[in-house]
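Below is one structure, written out as structure tokens; comments come after it.
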Amino acid sequence: MANLNIEPGDQSLDGLIGNIEHGILMSSNRSWSIDDARNKFQFGCEWGQLIENGELKGVVKNPNYRAISAQFWKNLSAVGDASTFKVLGTPNCGKGEPNQVIRVGHASPACVFANVDVFGEDA
Numbered sequence: 004m005a006n007l008n009i010e011p012g013d014q015s016l017d018g019l020i021g022n023i024e025h026g027i028l029m030s031s032n033r034s035w036s037i038d039d040a041r042n043k044f045q046f047g048c049e050w051g052q053l054i055e056n057g058e059l060k061g062v063v064k065n066p067n068y069r070a071i072s073a074q075f076w077k078n079l080s081a082v083g084d085a086s087t088f089k090v091l092g093t094p095n096c097g098k099g100e101p102n103q104v105i106r107v108g109h110a111s112p113a114c115v116f117a118n119v120d121v122f123g124e125d126a
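Each residue of the sequence shown is one higher than the last, beginning at 4 in the working numbering.
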């Protein structure tokens, strides 16, 4: 996996949520997978919150999402401001046979994506 960083935009988290008719706010990443060509990927989260008509509603347990990279990034529709910015990473992203491990980092504000395949226990 490569390092990925997104510069903050100009919308607060409340502003991002307020513009969503139906969606899921996902948090607490727990699993990830991307193919060797960096084309298809899947992420799993511990929890999320349902968004209906611009308001946060009930909790969503174990939401996941998957996509094809180019289509996913073309569907980026809004970027949160500096107050939503987080730096995350993992010291042990591994791929290959024999296994190869590298440290990776990601810095990003909250983002809104359209047309994402969401699935999971309650998604």
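Where a beta carbon is used, it is the ideal one built from N, C-alpha and C, also for glycine.
Bear in mind that the values here come from a model prediction, so they are computed numbers and not experimental data.
Scanning the stretch 10–53 from its first residue to its last, the whole beta strand (DSSP E) runs of 3-plus residues come out as 25–37. Shown here, A70 sits in a strand according to DSSP, grouped into three states. According to DSSP, residue pairing for K77 in a beta bridge does not occur. Going by C-alpha positions, N102 is about 21 Å away from F46. Shown here, A85 sits in a helix according to DSSP, grouped into three states. Judged by DSSP in its simplified three-state form, E58 adopts strand. Between L7 and H109 the beta-carbon gap is near 5 Å, inside 8 Å, which marks them as a contact. Shortest Cα-Cα distance from C48 to any of A117, S80, R106 and N67 involves N67. In the three-state reduction of the DSSP assignment, V119 falls in the coil class, being assigned neither a helical nor a strand state.
Counting of Cβ neighbours within 10 angstroms places V90 among the exposed residues, the total staying below 16. Across the set W35, A40, G83 and K60, the C-alpha of G83 shows the shortest separation from the C-alpha of F116.
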